[in-house]
Amino acid sequence: MPDRPSADYADELDLAGSTLRDLLNLLGLTHTEISARDPETPGDGLGLVAQVLDLYGEDDETSDELGLLIGRRGETLSSLQYLVNTIVGRTGDDAPVYGIDIEGYRRRREQTLVDLAHEIAQEVRETGDVITLEPMPASERRIVHLALEQEPGVRTESVGSGDHRQVEVLPADE
Amino acid sequence: MKKLIEYVARALAEKPDEVVVEEEHDGDRIVLHLYVAEEDKGRVIGRDGRCANALRSLLHVAAVRAGVRATLSIE
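And the structure:
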């Protein structure tokens with residue numbers, strides 16, 4: 002294994018994929034498969050990322066072990082994605098950004114957030130109350146905002162700062 | 007764990023040849039000391055420490071897998 006990514010990659014996708022592969026090998030997670038695909042949904046980072054690198058375990062044991070790499074609320078996954086993109090970003094200012102998903106975590110999380118957003122919207126319409134969701138990273142707040150963009154009778158805002166930034170769901174006229 | 011830190015630090019550094027990682031064993035805890043060229047310090051730490059934090063969370067994964075406790079110190 003090279004001790005750093007070599008500089009002569011045909012393109013950034015190869016660099017992103019091979020950097021991810023190197024990091025997995027260094028973590029002893031060799032029984033893993035990486036495949037690239039186009040982003041399809043807000044949760045994939047549609048409009049923000051060039052490609053999504055899907056990571057799966059080749060066997061059940063590895064799939065379980067990958068849970069550790071997702072981390073609590075996907076925080077370790079975000080760290081991994083950040084490092085891969087920072088390394089790829091060194092190739093130039095206009096380097097593309099890549100999304101990473103592990104065992105479909107982001108997909109499932111997106112569905113949970115979209116379902117939650119619609120339930121909350123229903124409650125706001127019924128009660129006229131403002132409901133504030135728990136703090137979420139920017140990528141997750143974006144999913145909620147987009148899920149309720151066309152929703153009648155409600156609107157959304159982000160409040161608070163840093164790690165405590167939260168989505169508020171308000172009646173449309175408030 | 008040492009190789010993981012070396013790999014990421016070299017990938018981020020302008021002067022990868024100056025990246026050195028030393029392992030210090032302190033009971034059941036391992037402290038990894040990362041040395042980089044002065045001008046690369048900002049690169050491995052990142053804006054608001056984001057790179058360093060991301061590196062620490064990957065180190066945490068490696069440490070849990072190895073059954074040890076490990077911390078990263080950027081010197």
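Residue numbers (my numbering), protein chains in the order written: chain A, 2 to 175; chain B, 7 to 81. Glycine included, C-beta positions come from ideal geometry on N, C-alpha and C.
If I follow the unbroken beta strand (DSSP E) through residue 20 (chain B), where does it start and stop? In the DSSP annotation of this structure, residue 20 (chain B) is not part of any beta strand (DSSP E), being labelled neither H nor E.
Select from the region 68 to 87 of chain A all residues with a C-beta closer than 7 Å to any C-beta belonging to chain B, and list them in chain order. Contacts with chain B (Cβ-Cβ distance below 7 Å) from the region 68 to 87 of chain A involve 69, 70, 72, 76, 77, 80, 81, 83, 84, 87, listed in chain order.
Enumerate in chain order the residues of its own chain whose CB-to-CB distance from residue 148 (chain A) is below 6 Å, with the five nearest sequence positions on each side excluded. Cβ within range, chain order: 115, 118.
Look at the Cβ atom of residue 17 (chain A), then the Cβ atom of residue 85 (chain A), and state whether they are nearer than 8 Å. Contact flag set, yes.
What does the alpha-carbon distance come out to for the pair residue 95 (chain A) and residue 43 (chain A)? The C-alpha of residue 43 (chain A) is placed about 22 Å away from the C-alpha of residue 95 (chain A).
Cβ atoms of residue 35 (chain A) and residue 47 (chain A): under 8 Å apart, would you say? In this structure, residue 35 (chain A) does not lie closer than 8 Å to residue 47 (chain A) by Cβ.
Spell out the partners DSSP gives residue 76 (chain B) in its beta bridges. DSSP, once it has assigned bridges, lists B:36 as partnering residue 76 (chain B).
For residue 15 (chain A), tell me which candidate among A:93, A:152, A:153, A:89 has the shortest Cα-Cα distance. Among A:93, A:152, A:153, A:89, the Cα nearest to that of residue 15 (chain A) belongs to A:89.
Segments of 3+ residues assigned as beta strand (DSSP E) that fall wholly inside the region 17 to 88 of chain A: Runs found: 33 to 38, 52 to 58.
Across the region 55 to 69 of chain A and the region 164 to 172 of chain A, are there enough close Cβ pairs to call them in contact, namely three or more that are closer than 8 Å? Because the criterion of three Cβ pairs below 8 Å is not met, the region 55 to 69 of chain A and the region 164 to 172 of chain A do not touch.
Residue 100 (chain A) at chain B interface by Cβ criterion, 8 Å: So no, residue 100 (chain A) is outside the interface.
Flag this pair as yes or no: are the beta carbons of residue 45 (chain A) and residue 143 (chain A) separated by less than 8 Å? Between residue 45 (chain A) and residue 143 (chain A), the C-beta gap is not smaller than 8 Å, which leaves the two residues out of contact.
Can you give me the start and stop residues for the alpha helix (DSSP H) that residue 48 (chain B) sits inside? First-last of the alpha helix (DSSP H) with residue 48 (chain B): 47 to 51.
List, in chain order, every chain B residue whose beta-carbon is nearer than 7 Å to that of residue 29 (chain A). Near residue 29 (chain A) (Cβ distances below 7 Å), the residues of chain B are 71.
Give a yes or no on whether the minimum CB-CB distance between residue 3 (chain B) and chain A is below 8 Å. Outside the shown range of chain B (7 to 81) lies residue 3 (chain B), about which nothing can therefore be said.
Less than 6 Å between C-beta atoms, sequence neighbours within five positions excluded: which residues of the same chain meet that for residue 10 (chain A)? Summary for residue 10 (chain A): the model assigns pLDDT 42, below 50, so the residue's position carries little reliability, and this model does not support an answer.
Exposed unless 16 or more other CB atoms sit within 10 angstroms - verdict on residue 1 (chain A): There is simply no residue 1 (chain A) to check, as chain A begins at 2 and stops at 175 in what is shown.
Please list, in chain order, the chain B residues whose beta carbon lies closer than 9 Å to that of residue 164 (chain A). Those do not exist, as residue 164 (chain A) stays about 11 Å from chain B at its closest Cβ, beyond 9 Å.
Quick one: list the residues of chain A neighbouring residue 75 (chain B), beta-carbon separation under 7 Å, in chain order. Simply none; closest approach about 15 Å.
Any C-beta of chain A under 8 Å from that of residue 24 (chain B): Chain A contact via Cβ: absent.
What does residue 20 (chain A) reach in chain B if we use C-beta pairs closer than 8 Å? Chain B residues near residue 20 (chain A): 17.
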